[in-house]
Amino acid sequence: MWLEMPNVMANQLRKSSSTMRPYLKYIIPTVIPLLIWLMPLSAFPFDGITIVQQRVIAIFLLAALCWVFEPIPIYATSVVIIVLELLLISNKGIVLFRTQEGQPHFGELLQYHEIMATFASPIIMLFLGGFFLAMAATKYRLDVNLARVLLKPFGQNPKFVMLGLMLITAIFSMFMSNTATTAMMLSILTPVIAVFGPKDPGRIAFALCIPVAANIGGIGTPIGTPPNAIALKYLVGDNLITFGEWMVFGVPFVVIMMALAWLLIGYLYKAEQTKIDLNIKSKFLKTPKAMIVYVTFAGTIILW
1 MWLEMPNVMA NQLRKSSSTM RPYLKYIIPT VIPLLIWLMP LSAFPFDGIT IVQQRVIAIF
61 LLAALCWVFE PIPIYATSVV IIVLELLLIS NKGIVLFRTQ EGQPHFGELL QYHEIMATFA
121 SPIIMLFLGG FFLAMAATKY RLDVNLARVL LKPFGQNPKF VMLGLMLITA IFSMFMSNTA
181 TTAMMLSILT PVIAVFGPKD PGRIAFALCI PVAANIGGIG TPIGTPPNAI ALKYLVGDNL
241 ITFGEWMVFG VPFVVIMMAL AWLLIGYLYK AEQTKIDLNI KSKFLKTPKA MIVYVTFAGT
301 IILW
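Residue numbers are given in full-length UniProt numbering: position 258 of the sequence shown equals residue 258, and the series is strictly consecutive.
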């Protein structure tokens with residue numbers, strides 16, 4: 001009987017841990033920021049920290065842990081951050097959290113309109129435009145049709161088909177978010193990868209070429225990837241760079257990096273398959289809505 005006791009206790013511990021595991025994704029993102037919030041300022045390892053800064057750290061940890069553990073959808077976390085900033089660290093926040101305002105250890109509250117401006121920042125609007133283009137292109141099969149047309153000159157050699165896919169991805173990524181472009185192009189790539197055998201290195205090469213090309217292509221324009229637009233926001237006055245000037249610098253860099261990436265991926269993961277028969281079944285839609293999408297897509301790129 002005494003010998004069975006450790007086994008019984010071990011089983012109970014396993015059951016309790018398995019019961020608690022689903023709740024950890026809620027407990028950890030809640031408890032850790034709350035502990036930071038309740039800590040005295042003297043407990044922090046650096047001097048001069050204010051109450052407002054302490055709250056910012058707590059909100060930052062809450063956001064990071066929510067993104068990692070996903071107790072709520074990722075996009076909801078982004079909204080929660082702005083709401084908490086308005087309530088806890090803005091000059092129009094909850095009165096209860098502003099009673100010590102003006103004291104040296106409290107710190108300076110943010111202006112509420114500065115926080116609200118993040119909803120309508122020109123940079124955010126710029127990226128929304130790119131995401132909307134990606135959504136419209138996917139819905140009306142513009143991405144598939146352009147890929148079908150643009151891939152024809154590259155023949156059936158896997159090496160050159162991969163080059164074609166990389167070029168198309170890079171071009172799309174210049175005018176849409178590189179994340180949206182990757183998701184869009186990988187849907188086209190699925191039937192292509194199926195051509196290769198299960199152990200053919202070509203599968204790896206084709207799977208890698210899309211995200212690599214999207215990241216490289218994103219360098220070519222200010223809207224290709226978020227860091228570009230953020231940098232452009234601060235290049236004002238004498239340091240102002242226009243959309244076209246950015247491309248004059250960025251596109252040659254993209255071409256060089258694309259060539260190096262294509263050669264390196266082809267060398268490291270050389271396909272055993274000698275021929276790829278791409279049969280992308282799609283055609284340009286001629287409905288009024290589709291025509292509006294085509295014109296809007298082209299017009300937006302030209303205006304940018």
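The beta carbon of each residue, even a glycine, is placed where N, CA and C say it ideally should be.
Since this is a predicted model, take the numbers as computed values, not measurements.
Closest Cβ-Cβ distance between residue i and chain E: below 8 angstroms?
i: M166; result: Any reference to chain E falls outside this structure, which holds one protein chain only.
Please check the pair residue i and residue j, which I expect to be a contact at CB under 8 angstroms, by giving their CB distance rounded to whole angstroms.
i: P201; j: Y269; result: 4 angstroms
i: G266; j: M116; result: No, G266 and M116 are not in contact; Cβ-Cβ is about 49 angstroms, not under 8 angstroms.
i: F196; j: A271; result: 7 angstroms
i: L109; j: I89; result: 6 angstroms
i: F206; j: L189; result: 6 angstroms
i: L35; j: H105; result: So it is not a contact: roughly 20 angstroms between Cβ atoms.
i: T118; j: I82; result: 6 angstroms
According to DSSP, is residue i helix, strand or coil?
i: L167; result: helix
i: M1; result: At M1 the pLDDT is 49, less than 50, meaning the model places this residue with poor confidence; the figure from the coordinates comes in the next sentence. In this structure, M1 counts as coil in the three-state DSSP scheme.
i: S177; result: coil
i: L35; result: helix
i: L285; result: coil
i: L110; result: strand
i: L303; result: helix
i: I276; result: coil
i: Y26; result: helix
i: F44; result: coil
i: F196; result: coil
i: T296; result: helix
i: I115; result: helix
i: K159; result: helix
i: T99; result: coil
i: residue 310; result: The structure shown does not extend to residue 310, since the chain spans only 1 to 304, so no value can be given for it.
i: R141; result: coil
i: A290; result: helix
i: L240; result: coil
i: P191; result: helix
i: I256; result: helix
i: residue 371; result: Within the shown structure, residues of the chain are numbered from 1 to 304, placing residue 371 beyond reach of any answer.
i: I124; result: helix
i: P153; result: helix
For the alpha helix (DSSP H) that residue i lies in, which residues bound it at each end?
i: R55; result: I51 to F69
i: A205; result: P201 to G217
i: Y269; result: Here Y269 belongs to no alpha helix (DSSP H), and DSSP marks it neither H nor E.
i: P226; result: P226 to Y234
i: L88; result: I74 to L88
Relative to the C-alpha of residue i, which candidate in the options has its C-alpha closest?
i: F172; options: N145, E245 and I204; result: N145
i: K175; options: M247, K283 and S90; result: Note that residue 175 corresponds to Phe in the displayed sequence, not to Lys. The shortest C-alpha separation from F175 is found at M247.
i: residue 347; options: Y234, W262, L263 and G217; result: Outside the shown range of the chain (1 to 304) lies residue 347, about which nothing can therefore be said.
i: G244; options: P104, W304 and N91; result: W304
i: residue 317; options: R203, N228 and D238; result: Nothing about residue 317 can be read from this structure; the chain reaches only from 1 to 304.
i: D277; options: L151, I230 and K283; result: L151
i: A63; options: V95, G48, R21 and Y26; result: Y26
i: L128; options: I302, L240, W37 and A180; result: A180
i: P29; options: C66, L84 and P22; result: C66
i: K283; options: V149, D238 and I81; result: V149
i: P33; options: S42, G48 and L84; result: L84
i: L263; options: V80, I301, T287 and C209; result: C209
i: A259; options: V192, G107, P104 and G164; result: G164
i: A194; options: Q111, I292 and Q273; result: Q273
i: G48; options: G93, G107 and P73; result: G107
i: E114; options: L133, L86 and R203; result: L86
>> Quick test of the definition: if touching needs 3 or more C-beta pairs under 8 angstroms, does the segment 253–263 touch the segment 210–226?
In response: Yes, they touch.
> Are the segment 180–190 and the segment 162–170 in contact at 8 angstroms, needing three or more beta carbon pairs?
Replying inline: Three or more Cβ pairs drawn from the segment 180–190 and the segment 162–170 lie within less than 8 angstroms of each other, which places the two stretches in contact.
> Between the segment 95–112 and the segment 57–67, do three or more beta carbon pairs fall short of 8 angstroms?
Replying inline: Three or more beta-carbon pairs separated by less than 8 angstroms are not found between the segment 95–112 and the segment 57–67, which leaves the two stretches without contact.
>> Quick test of the definition: if touching needs 3 or more C-beta pairs under 8 angstroms, does the segment 205–219 touch the segment 125–139?
In response: By the C-beta criterion, the segment 205–219 is judged not to be in contact with the segment 125–139, since fewer than 3 inter-stretch pairs fall below 8 angstroms.
> How about the segment 145–162 and the segment 288–297: do they share at least three Cβ pairs that are nearer than 8 angstroms?
Replying inline: With the cut-off at 8 angstroms, the segment 145–162 and the segment 288–297 do not touch.
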